[in-house]
Amino acid sequence: MNRIVGRTELGPDVVQIELEAPDISRRRKPGQFIILRVDETGERIPLTIAGSDASRGTISLIVQGVGKSTKQLNALPAGSTISDLVGPLGRATEIPAHGTVACIGGGIGTAVIYPIVKALHETETHVIAILGARNKGLLILEEQIRALADEFYVTTDDGSHGRKGFVSDQLHDCLKAGQNGGRKIDEVIAIGPLPMMKVVCQVTKPFAVRTVISLNSIMVDGTGMCGGCRVTVGGDMKYVCVDGPEFDGHKVDFDELSQRLRTYREDEQRALKLYVEGSRP
Amino acid sequence: MAKKLVKTKTPIPCQAADARRANFLEVALGYTKEMAVAEAERCLKCSNQPCVAGCPVEIDIPAFIALMQQGDISGAARKIKEKNALPAVCGRVCPQEDQCEKVCTMTKKFEPVGIGRLERFAADFEAAQAFPGDNGASLPARAPKTGRRIACVGSGPSSLTVAGDLILLGHEVTVFEALHKAGGVLVYGIPEFRLPKAIVQREIDYLSRLGVEVRTNTVIGKSFTIDELLGEEGYDAVFIGTGAGLPHFMKIPGINLPGVYSANEYLTRSNLMKAYRFPEYDTPIVRGQRVAVVGGGNTAMDSVRTALRLGAKEARLVYRRSRAEMPARKEEVEHAEEEGVIFMMLTNPTRIFADEGGRVGLMECVKMELGAPDESGRRSPVVMPGSEFTLEVDTVVMAVGQGANPLIRATTPDLKCNKWGYIEADEETGRTSKPGVFAGGDIVSGGATVILAMGAGRKAARAIHAYVTSLPRRAETGRR
Ligand SMILES: Cc1cc2nc3c(=O)[nH]c(=O)nc-3n(C[C@H](O)[C@H](O)[C@H](O)COP(=O)(O)OP(=O)(O)OC[C@H]3O[C@@H](n4cnc5c(N)ncnc54)[C@H](O)[C@@H]3O)c2cc1C
Ligand SMILES: Cc1cc2nc3c(=O)[nH]c(=O)nc-3n(C[C@H](O)[C@H](O)[C@H](O)COP(=O)(O)OP(=O)(O)OC[C@H]3O[C@@H](n4cnc5c(N)ncnc54)[C@H](O)[C@@H]3O)c2cc1C
Ligand code: SF4
Ligand code: SF4
Ligand code: FES
């Protein structure tokens, strides 16, 4: 049982949740995640650790309500408890000590990139942050990340804030600038919806820039026991929960993963509908 | 006056095959007391006791059966418990035909005594007696506190045995389990219809009442390392019983299509996460109409019978050797057949194709024939050229073996492992290359059986007790 000690709404159905988890808060590193179960009938869902406060023994999660479990979690008031929490899981991000790194966050991926930007900020790395969302209202953590980045850009699909277009357009311009005497980007870390990460990889490929992405395959145990999270990277089978979640984006088989993410689509929609209607058995 | 020998085992009442294939309730219903006593009467009380030697933990089988003949079921249960802490589990899942019952004198001419069924009956009978209002008064005595602390990693049968033995010797014991529920394969792997989860929970609760601390949601190698357990966490010794929980996949095209599962995932979703009760429980599972399970062991059998219960119209077992080589328990194979599982022996998948929606649609297989025996003495299957054919499938479950999970190995460099990644441990003591660290069960032996894991735990517990009691007193500093 872990207690929710605080919650802040960051955007439409995006909630930052502070949870009591002293052991995890002491050990966790950027890029790692936890798996939780809201209640006794709940499923095990993976969520990135967005931050921690070791002195208070808490970790924070930033959760987007996309389906039954995340919506249920986001509806919990401060003071309530969830039944299970395990972590920190996965490998930590390799944080470069210097050079120039472009950090790209799309949608809820911004929550995942945030602790990485924070860690990079502590090094000599020059951080270019590019955040994207469909529209202004969906953008999260803008001020927090702006304060940590050396260069900062925002794009929205509809142009309601920042540049109209995609994060990949902005990244392309930054990479081009690097070729034309501007600052050269040594590494790109891109985290967001799968199609976004796929496009980012297509953009960086011709520039031969190392591109790290964080995969969100469907998980059960998170310890390498079930193989449900498997992906193909460079022709090899990898488990996202123990070998990842971050991989070299130029080697990932995106189509296979996006196919796998659709495995339970109908069941997910059914569960969500029953939950919203309050008619779950 | 010689009593008349009854040639066959007293049949165990079961749910009818067409009823049980549609539910997850236990298949075998168990003996009544009359049946148990009748079956016990079949025992010849052999003076050479071959059955005892056939049991990996050497239960005094003739003695417990003699008590049952007298109608003293509780006495029989206590007799069994002297050697086996989980009789309700072993009576259900032991491969008796390869162990105690294989060498029973009765098999010379007739069917063996139903030792497993009797063990199960005794355990269930005793639990039913003890339970209502049992406030722990009947707990065995614990030795005086030693102040020694032991960490058991994993909560499968090996760790549970270590914990149960060491707590009675006066040590403090903590069991660390990665998942949210303790029990190992007994809860996430073996289905409810073969081993009701309430039985496993009863055993865990019993350990808790004895004083064992069970910490779920803790992954050793991530939450804490082995060195941290021995260091700042203040444990004097660690037992590693993490099982063989790394699924193997065949290296064939299409293995990552949606609808292709490892048996571990398929069974974990269904058993641990209760996907068979979706949407009451949140975890979904593909409810295939045409399911192919690849493999011939208990894991394969459990998967294919789960598929039936999830509503499959066709549940096939695809196995590359013949029926005689199937490692699964005989009783489960028979049960599966009665339930309508289609056995496709001497068949091996070569490719899996997607349907137009991108999910599993077809599986290509080849026919096999048995060649010369290999090193293990088993006749190895060889492909019959040109025998390719395809099966229409919408779900494929791979139950082709397990490996060693690398999490602990990767974070404990001085722990010696063999080339397959299993921990090297002394067979008699469970001692590993690392001082204070012991190991047993599937993480040492590779996938084996519940009773062998328990046997390894028993030996390790003995060695751990000797080890921690010989340690100089630890300074109080450095403890939590
Ligand atoms: C390593 C990792 C870190 C993650 N970090 C975060 C985070 O910090 N914040 C956040 O909001 N979300 C994060 N996710 C995604 C989050 O786990 C899913 O959104 C959640 O499991 C969906 O559950 P649901 O019942 O609400 O929705 P469902 O109804 O189950 O699914 C809705 C949609 O989410 C996708 N989905 C379902 N299950 C998963 C899953 N286990 N992982 C990924 N996608 C899934 C489905 O494809 C579907 O499109 C992370 C996922 C992974 C693997
Ligand atoms: C589907 C299936 C059916 C079977 N049927 C039979 C049968 O009928 N009869 C029979 O005798 N045997 C059967 N077996 C085999 C038997 O279950 C195993 O041999 C036995 O459970 C091994 O016990 P164990 O103590 O080694 O560990 P396991 O039972 O494998 O348990 C290990 C536990 O450790 C946990 N763990 C792993 N890594 C960590 C970590 N780093 N930190 C914390 N916890 C960790 C795991 O989550 C797991 O709960 C079956 C196996 C399977 C998979
Ligand atoms: S524990 Fe297993 S092998 Fe031993 S007597 Fe019982 S059923 Fe037979
Ligand atoms: S070998 Fe069989 S008949 Fe003989 S004592 Fe054992 S159980 Fe009884
Ligand atoms: S989630 Fe099960 S192996 Fe990764």
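As they're listed, the protein sequences go chains G and B. Numbered per numbering that gives the first Met the number 0, the first sequence finishes at 280, counting up by one with no gaps. Numbered per numbering that gives the first Met the number 0, the second sequence finishes at 479, counting up by one with no gaps. Ideal placement from N, C-alpha and C gives every residue a C-beta, glycine not left out.
Along the chain, where does the alpha helix (DSSP H) containing residue 257 of chain G start, and where does it finish? 253-260
The beta strand (DSSP E) enclosing residue 78 of chain B, as first and last residue numbers: Not the beta strand (DSSP E): residue 78 of chain B falls in the alpha helix (DSSP H), residues 72-80.
For residue 109 of chain B, the three-state DSSP class (helix, strand or coil): coil
Neighbour flag for residue 88 of chain G against chain B, beta carbons, 8 Å: yes
Cβ of residue 328 of chain B versus every heavy atom of ligand 2: is any distance shorter than 7 Å? yes
Given this structure, state the Cα-to-Cα distance separating residue 467 of chain B from residue 426 of chain B, to the nearest angstrom. 19 Å
Residue range of the beta strand (DSSP E) that includes residue 229 of chain G: 229-232
Compare the C-alpha of residue 145 of chain B against each of B:415, B:165 and B:200 and name the closest. B:165
Take residue 174 of chain G as the anchor and find which of G:240, G:149, G:127 and G:266 has the nearest alpha-carbon. G:127
With a cut-off of 8 Å on the beta carbons, I'd call residue 176 of chain B and residue 154 of chain B a contact; round off their distance for me. 4 Å
Residues bridged to residue 125 of chain G by DSSP? G:99
Helix, strand or coil: how does DSSP classify residue 83 of chain G here? strand
Rounded to whole angstroms, how far is the Cβ of residue 397 of chain B from the Cβ of residue 293 of chain B, which I believe are closer than 8 Å? 5 Å
With DSSP as the reference, please indicate the residues paired to residue 397 of chain B in a beta bridge. B:261 and B:293
Taking contact to mean 3 or more Cβ pairs, one atom from each stretch, closer than 8 Å, check whether the segment 257-273 of chain G and the segment 2-10 of chain B are in contact. no
Go ahead and pull the three-state DSSP assignment for residue 269 of chain B. helix
Hey, how far is the Cα of residue 351 of chain B from the Cα of residue 367 of chain B? 18 Å
8 Å is my cut-off, CB to CB: does residue 134 of chain B come that close to chain G? Below a pLDDT of 50, predicted positions are generally treated as unreliable, and residue 134 of chain B, at 49, falls in that range; the measurement from the model is reported next regardless. It does not: the Cβ of residue 134 of chain B has no partner Cβ on chain G nearer than 8 Å.
Below 7 Å CB to CB, which residues in the same chain sit around residue 15 of chain B once its five sequence neighbours on both sides are set aside? none
Counting along the chain, where does the alpha helix (DSSP H) carrying residue 312 of chain G start and finish? Nothing about residue 312 of chain G can be read from this structure; chain G reaches only from 0 to 280.
For residue 58 of chain G, which residues from the same chain have a beta carbon less than 6 Å from its beta carbon, with the 5 sequence-adjacent residues on both sides left out? 18, 20, 23, 24, 48 and 51
Would residue 486 of chain B pass as an interface residue toward chain G - the criterion being a Cβ-Cβ separation below 8 Å? As displayed, chain B neither begins before 0 nor continues past 479, which places residue 486 of chain B out of reach and without an answer.
Closer than 8 Å is the cut-off here; do at least three beta carbon pairs connect the segment 81-91 of chain G with the segment 159-169 of chain G? no
Measuring from the CB of residue 251 of chain B, is there a heavy atom of ligand 3 at a distance below 7 Å? no
I'd like to confirm the pairing. Which residues does DSSP put opposite residue 59 of chain G in its beta bridges? G:17 and G:50
Drop a sphere of 10 angstroms on the beta-carbon of residue 5 of chain G, count the other beta-carbons inside from all chains shown, and report buried for 16 or more, exposed for fewer. exposed
Tell me whether residue 111 of chain B, by its Cβ, gets closer than 7 Å to a heavy atom of ligand 3. no
So, do the segment 412-423 of chain B and the segment 318-331 of chain B have three or more beta carbon pairs nearer to each other than 8 Å? no
Test: residue 267 of chain B CB closer than 8 Å to a CB of chain G: yes
Return no unless some Cβ of chain G is closer than 8 Å to the Cβ of residue 234 of chain B. no
Limits of the alpha helix (DSSP H) - the one that residue 175 of chain B falls within: No alpha helix (DSSP H) holds residue 175 of chain B; the beta strand (DSSP E) holding it covers 171-175.
Bounding residues of the alpha helix (DSSP H) (the contiguous stretch that carries residue 218 of chain B): That residue, residue 218 of chain B, is in no alpha helix (DSSP H); it is neither H nor E in DSSP.
Residues from the segment 157-188 of chain B in contact with chain G, defined by Cβ distance under 7 Å: 177, 178 and 179
For residue 394 of chain B, count the other beta carbons within 10 Å of its own beta carbon; 16 or more makes it buried, fewer makes it exposed. Which is it? buried
Any chance the CB of residue 105 of chain B is under 7 Å from a heavy atom of ligand 4? yes
Length-filtered (4 minimum) alpha helix (DSSP H) runs lying within the segment 165-221 of chain G: 166-178 and 193-203
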